[in-house]
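Asker: Mind looking over this structure? Questions follow.
Numbering (my numbering), first residue to last: -1 to 563.
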């Protein structure tokens, strides 16, 4: 009987990966992906006009290329390339694979060179692999790193060239088949050339540390997914901000403004601990306990007492508990400091509502938050109707109902237009673009640290600070992941999961830059610092950011004295 059942099972359920997709199945998947973007992608016109990429009108070229792909993995790689053409940090497609490989070290770009910034000495003992942090990675398997950065950049698009290059550097030493389909036949080791600081090039053979099992085909018969798209999903499928009222439930998926942190390879990305070492006289308050959401404390500089707080991301386990902790710190800083530094470097973003709640505790006057120009699909129209009706049923204040009705009108109008996108609407519980300060708020001089890994909600936070003239932004241009993101089960035959930007963050006024048209957007443009300072130098890598810390200390001291003569 057992043998009979086994034979029957083999007949009914063929072995996985035994055959390739047909041409028609590839065409169906790509058409399905294009249709998803045609319906849902918010920044389409912006990408068409500024990036020169029209994912709708150029579809036939991609269909022709899809028909010519030699195997399933090559076709999956083409889908990755298609989405990468948007130059959008939120948007990617991934496939069901657990296979990954790593070399036991981390690299990043410092002074325009790919340098080692971390080594797993349990895997790569110094006796056999004597290279150290600060040495330069020159090539992998005979390919110069500059060539590999170009080849791999489609796997890590991050809205601007520098952010993309830094994230791409991770793939030189770490590979993930979910987003890099073609690595199925990766060898057992990699030959790397490393330029030793103060010495010459040295060649090493590093073993790939592999986990999972690679996929090689999608197969021609795949059960279609039962549910397509996030719009029909419940808000519990995304981060729930427990600090917002219940009428926000229908539009909660729109409040997701975060890029992934997994498989990124950037040190301290989304980490509570700062990337730099604070001054030796720094007195830590938060950051030592698992329950601490933030890293905070004070230090003395030039006769002043400076407060410091790091916001690692905008997705705490409990927004309510995090806000209580933040308020306690703000009370302390208000009474005991001359100025405050807020660190959102390497912050991947999170909840729009939580982001705004922190801003209300740092801006001591009414301020204009970011609006969102939403791709007004029928699903989102339904959700905005539900939000408005819920607010009425739950007894929201009349003025809140008025603003929510205005937002609903904007979505209704846009939904009636071809590829309709709203003007800037609010995504907070009041429905208003103007927010009031909280009861507990910091009123003294303030400065924000940001960099090219400040993404999505990490873009939005310094944008609002800058727009409302609360204090200078110190550091580097932010990533420019300027919208909210939703996830869809997309391609039936390759079973791809796709993240899609649904909106455009809209600032208080147009931004003028040399590389983009004048526009009020965060997407691609990012937030440009008021005080430019590049952390990504070898000097900062080797001295744990001592130069960077000294320079931001000087800047906040000057700001305090300029603000309070």
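Virtual Cβ for every residue (Gly too), placed ideally from N, Cα, C.
1) Is DSSP giving residue 448 helix, strand or coil here?
2) Bridge partners for residue 519 per DSSP, in chain order?
3) Exposed or buried, what is residue 45 when buried is set at 16 or more other beta-carbons lying within 10 Å of its beta-carbon?
4) What whole-angstrom Cβ distance do residue 478 and residue 524 have, given they're in contact under 8 Å?
5) Between residue 398 and the rest of its own chain, which residues show a CB-CB distance below 7 Å, the 5 nearest in sequence each way excluded?
6) I need the straight-line Cα distance from residue 101 to residue 263, nearest angstrom please.
7) Locate the alpha helix (DSSP H) running through residue 408, then write down its first and last residues.
8) Taking the CB atoms as reference points, tell me whether residue 370 and residue 481 lie closer together than 9 Å.
9) Nearest to residue 519 by alpha carbon, out of 494, 298, 495 and 458?
10) Verify whether the separation of the beta carbon atoms of residue 270 and residue 290 is less than 9 Å.
11) For residue 157, tell me which candidate among 319, 347, 49 and 206 has the shortest Cα-Cα distance.
12) Measuring alpha carbon to alpha carbon, tell me which of 401, 375 and 424 ends up nearest residue 410.
13) Distance check for residue 545 and residue 402, CA to CA, integer angstroms please.
14) I want to know whether the segment 461 to 480 touches the segment 356 to 365 - three or more CB-CB distances under 8 Å.
15) Would DSSP call residue 538 helix, strand or coil?
16) Consult DSSP for residue 101 and reduce its assignment to one of helix, strand or coil.
17) Can you find at least 3 beta carbon pairs, one from the segment 119 to 134 and one from the segment 172 to 186, that sit closer than 8 Å?
18) At 3 residues or longer, what runs of the beta strand (DSSP E) sit wholly inside the segment 253 to 278?
19) Which same chain residues end up closer than 7 Å to residue 384 when comparing Cβ atoms and leaving out the 5 residues on each side of it in sequence?
20) I'd like the span of the beta strand (DSSP E) that includes residue 296, first residue to last.
21) Count the other CB atoms within 10 Å of the CB of residue 405; is the residue buried (16 or more) or exposed (fewer)?
22) Starting from the C-beta of residue 451, find all residues in its chain whose C-beta is less than 8 Å away, skip the five residues before and the five after it, and write them out in chain order.
23) Quick one: Cα of residue 320 to Cα of residue 352, how far?
24) Going by DSSP, what residue range makes up the alpha helix (DSSP H) through residue 460?
25) Suppose the cutoff is 8 Å on Cβ atoms and the five residues either side in sequence are ignored; what does the same chain contact list for residue 87 look like?
26) Could you work out which residue in 475, 531, 501 and 64 is closest to residue 513 when comparing CA atoms only?
27) Determine whether the beta carbon atoms of residue 432 and residue 382 lie at a separation below 9 Å.
28) Quick test of the definition: if touching needs 3 or more C-beta pairs under 8 Å, does the segment 145 to 153 touch the segment 201 to 216?
29) Measure the alpha-carbon distance for residue 377 versus residue 493 and round it to whole angstroms.
30) Taking only three categories from DSSP, how would you classify residue 353?
31) Tell me the residue span of the alpha helix (DSSP H) that contains residue 380.
32) Assess, as a yes-or-no matter, whether the segment 497 to 511 is touched by the segment 238 to 247 under the definition of 3 or more beta carbon pairs within less than 8 Å.
33) List the endpoints of the continuous beta strand (DSSP E) containing residue 369.
34) Grouping DSSP H, G and I as helix and E and B as strand, with all else coil, what is residue 24?
35) If you draw a straight line from the C-alpha of residue 93 to the C-alpha of residue 18, how long is it?
36) Do residue 91 and residue 77 have their CB atoms nearer than 9 Å?
Answerer: Put simply:
1) Here residue 448 corresponds to residue number 450 of the chain shown, with the count starting at 1. In the structure shown, residue 448 sits in a strand (DSSP, three-state: E or B).
2) On the chain shown, position 521 is the one that residue 519 refers to. Paired residues: 504.
3) Within the chain shown, residue 45 is the residue found at index 47, counting from 1. It is buried - the Cβ of residue 45 has at least 16 other Cβ atoms within 10 Å.
4) Counting from 1 along the chain shown, the entry for residue 478 is found at position 480. Counting from 1 along the chain shown, the entry for residue 524 is found at position 526. Taking C-beta atoms under 8 Å as the contact rule, residue 478 and residue 524 qualify, at a distance of about 4 Å.
5) Along the chain shown, read from residue 1 onward, the residue named residue 398 stands at position 400. These residues qualify, in order along the chain: 389, 428 and 429.
6) On the chain shown, position 103 is the one that residue 101 refers to. On the chain shown, position 265 is the one that residue 263 refers to. Whole-angstrom Cα-Cα distance: 12 Å.
7) Counting from one through the chain shown, the residue named residue 408 turns up at place 410. Segment 396 to 413, the alpha helix (DSSP H) holding residue 408.
8) Mapped onto the chain shown, residue 370 falls at position 372. Mapped onto the chain shown, residue 481 falls at position 483. Yes. Within cutoff.
9) Looking up residue 519 in the chain shown gives position 521. For the residues 494, 298, 495 and 458, the minimum Cα distance to residue 519 belongs to 458.
10) Stepping through the chain shown from its first residue, residue 270 is reached at position 272. Stepping through the chain shown from its first residue, residue 290 is reached at position 292. Against a cut-off of 9 Å, the Cβ pair of residue 290 and residue 270 comes out as a contact.
11) Here residue 157 refers to the residue found at position 159 of the chain shown. With distances taken between Cα atoms, residue 157 lies closest to 49.
12) Position 412 of the chain shown, counting from 1, holds the residue named residue 410. Taking only the C-alpha atoms, the option nearest residue 410 is 375.
13) In the chain shown, residue 402 corresponds to position 404, counting from 1. In the chain shown, residue 545 corresponds to position 547, counting from 1. Taking the straight line joining both Cα atoms gives about 48 Å.
14) yes
15) What you label residue 538 is simply residue 540 of the chain shown in a count that begins at 1. Helix at residue 538.
16) As a first step, residue 101 must be located in the chain shown, where it is residue number 103. Reduced to three states, the DSSP call for residue 101 is coil.
17) no
18) 254 to 256
19) In the chain shown, the residue the question calls residue 384 occupies position 386. Cβ neighbours of residue 384 beyond the five flanking positions: 248.
20) Position 298 of the chain shown, counted from the start, is the residue given in the question as residue 296. Taken as a continuous stretch (DSSP letters only), the beta strand (DSSP E) holding residue 296 covers 293 to 299.
21) On the chain shown, residue 405 is found 407 positions in, with the first residue counted as 1. Buried is the call here.
22) On the chain shown, position 453 is the one that residue 451 refers to. 161, 164, 264, 267, 343, 344, 345, 346 and 477.
23) Along the chain shown, read from residue 1 onward, the residue named residue 320 stands at position 322. Along the chain shown, read from residue 1 onward, the residue named residue 352 stands at position 354. The alpha-carbon atoms of residue 320 and residue 352 are separated by roughly 9 Å.
24) One-based indexing of the chain shown puts residue 460 at position 462. It spans 455 to 465 - the alpha helix (DSSP H) in which residue 460 sits, taken as one unbroken run.
25) One-based indexing of the chain shown puts residue 87 at position 89. Closer than 8 Å at the Cβ level, and outside the excluded window around residue 87, lie 155, 156, 157, 161, 257, 453, 454, 477, 478 and 479.
26) On the chain shown, position 515 is the one that residue 513 refers to. Comparing Cα-Cα distances from residue 513 to each of 475, 531, 501 and 64, the minimum goes to 475.
27) On the chain shown, residue 432 is found 434 positions in, with the first residue counted as 1. On the chain shown, residue 382 is found 384 positions in, with the first residue counted as 1. No, these two residues do not count as a Cβ contact at 9 Å.
28) With a cut-off of 8 Å, the segment 201 to 216 and the segment 145 to 153 do not count as touching, because too few Cβ pairs lie within range.
29) By 1-based counting over the chain shown, the position of residue 377 is 379. By 1-based counting over the chain shown, the position of residue 493 is 495. Taking the straight line joining both Cα atoms gives about 23 Å.
30) Position 355 of the chain shown holds residue 353. Residue 353: helix per DSSP, three-state reduction.
31) The residue labelled residue 380 in the question sits at position 382 within the chain shown. Here the alpha helix (DSSP H) through residue 380 covers 376 to 391.
32) no
33) Locating residue 369 in the chain shown gives position 371, where the first residue counts as 1. In this chain, the beta strand (DSSP E) harbouring residue 369 covers 369 to 373.
34) Here residue 24 is taken as the residue at index 26 of the chain shown, counted from 1. Here DSSP, grouped into helix, strand and coil, assigns residue 24 to helix.
35) Residue 93 sits at position 95 when you count from the first residue of the chain shown. Residue 18 sits at position 20 when you count from the first residue of the chain shown. Cα-Cα distance, rounded: 15 Å.
36) Numbered from 1 along the chain shown, position 93 holds the residue referred to as residue 91. Numbered from 1 along the chain shown, position 79 holds the residue referred to as residue 77. Yes, the pair counts as a contact, with Cβ atoms nearer than the cut-off.
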